[in-house]
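Let me begin by presenting the structure, written as structure tokens, before commenting on it.
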Amino acid sequence: MSIALTDPGSAGLGAVVTGFDLESPAAEDCEALRHAFRASPTLCIRNGTATPESFLRLAGIFGTPQRELMGVLRDTDYPEISLIERRQGISTATGKAATFGGQWHTDDSYMAVPCAATMLYGEVVPPKGGDTSFTNMHLAYEALPDETKTRIARLKAVHMYQARRNRSPVPERSAEEEARTPPVTHPLVRTHPETGRKALYINPNRIDRIADLPLADGDALLDKLIEHATQPAFVHVHAWQPDDIVIWDNRCTMHKASPHQGDHPRRLLRILIEGTVPV
Ligand code: SIN
């Protein structure tokens with residue numbers, strides 16, 4: 383085996399892999415990567431410059447890359463690769479100064495079958511700032527008081543693209559894109575399909591309400607769960623180095639991007655890995 387792997391860092395997240403051959407990876411190294419990703423639901427692969435082809439090949443080790451649904455983000459040459467870009471503080475996806483992905487969220491929970499994982503490749507990263515923070519939703523669930531676990535065990539949340547509670551700008555969508563994603567209902571607690579471990583499944587951006595609860599009660603519960611899940615004990619911050627590739631598991635983490643100062647561009651390539659219906 384030619385790769386080296388650090389232990390996970392804070393909140394059991396953020397193990398770093400070096401020595402991985404992006405061009406012709408050995409089968410045992412691919413297996414070691416998959417294993418490392420189950421142990422550390424965010425993983426940084428630090429191996430020098432990737433091409434779109436080698437980035438897609440790496441993604442294939444973890445699952446099936448999915449076509450980006452949102453036309454505004456899609457790379458025209460590689461439909462499974464999307465661009466997350468900020469220039470002079472402006473997100474190219476929203477045209478707004480607010481940081482794209484700047485609020486805690488998990489990717490694509492407004493879809494009936496949300497992606498399992500997301501990969502970002504740091505093509506251009508600012509020298510300071512622009513970090514990505516992650517919170518471990520297994521740990522957050524396990525630390526809940528028993529009475530809360532019982533209360534939320536069977537509750538479901540209604541997720542949608544433009545949710546009532548969302549406070550951040552989202553890219554505009556075509557009528558066709560909108561029609562493809564009607565509101566969906568997902569459990570508040572989901573079981574990881576590969577490890578069987580439970581995790582809180584909430585998305586402050588996309589949850590509109592808790593099904594079967596009066597709005598005010600559902601909002602109070604959500605506020606409490608979000609505050610709980612994002613406390614520093616469950617959080618790991620990734621400070622980007624050029625060419626870092628970070629993969630995270632959307633089934634058991636939330637993440638958010640931080641702003642950075644000045645005019646330095648920030649350009650990340652993204653691949654989403656197909657998931658399964660949350661249960
Ligand atoms: C995202 O939320 O998908 C983007 C994260 C980042 O830009 O750090």
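So the sequence shown is numbered by my numbering: it starts at 383 and just counts up by one. Virtual Cβ for every residue (Gly too), placed ideally from N, Cα, C.
- The residue from P660, T400, V552 and V566 with its alpha-carbon nearest to that of A479 is V552.
- In the structure shown, the three-state DSSP call for C634 is coil.
- Looking at the DSSP output, L650 sits in a beta bridge with I466 and G504.
- Inclusion of I443 and L425 in the CB contact set at 8 Å is not warranted, their separation being larger than that value.
- Proximity of the segment 618-630 to the segment 522-529 falls short of the contact definition, fewer than three beta-carbon pairs being nearer than 8 Å.
- Taken atom to atom, the span from the alpha-carbon of Q448 to that of E656 is near 6 Å.
- A distance criterion of 7 Å places the beta-carbon of H637 in contact range of ligand 1, judged by its closest non-hydrogen atom.
- A residue is called buried once 16 or more other Cβ atoms fall within 10 Å of its Cβ, and P586 is buried on that count.
- For L425, DSSP records a beta bridge to A397 and I629.
- Per DSSP, reduced to three states, the secondary structure at R549 is coil, with no helix or strand assignment.
- Assignment of D459 by DSSP, reduced to helix, strand and coil, places it in the coil class.
- Contact fails between the segment 592-610 and the segment 500-510, because fewer than three Cβ pairs, one in each stretch, are under 8 Å apart.
- Approximately 11 Å separates the beta-carbon atoms of A418 and A386; this is outside 8 Å, ruling out the contact.
- Bounds of any alpha helix (DSSP H) do not take in R572; it lies within the beta strand (DSSP E) bounded by V571 to T573.
- Residue burial is scored here from C-beta neighbours: S436 has at least 16 other C-beta atoms within 10 angstroms and is therefore classed as buried.
- In the DSSP secondary-structure assignment, F516 is bridged to H618 and H637.
- Scanning its chain for C-beta atoms nearer than 6 Å, with the 5 sequence neighbours on each side dropped, one finds around D489 the residues C497, T500 and N632, in chain order.
- Here A525 carries a coil assignment [DSSP, helix/strand/coil].
- Here the distance from the Cβ of F516 to the nearest heavy atom of ligand 1 is not below 7 Å.
- Straight-line measurement puts the Cα of T514 at about 19 Å from the Cα of Y583.
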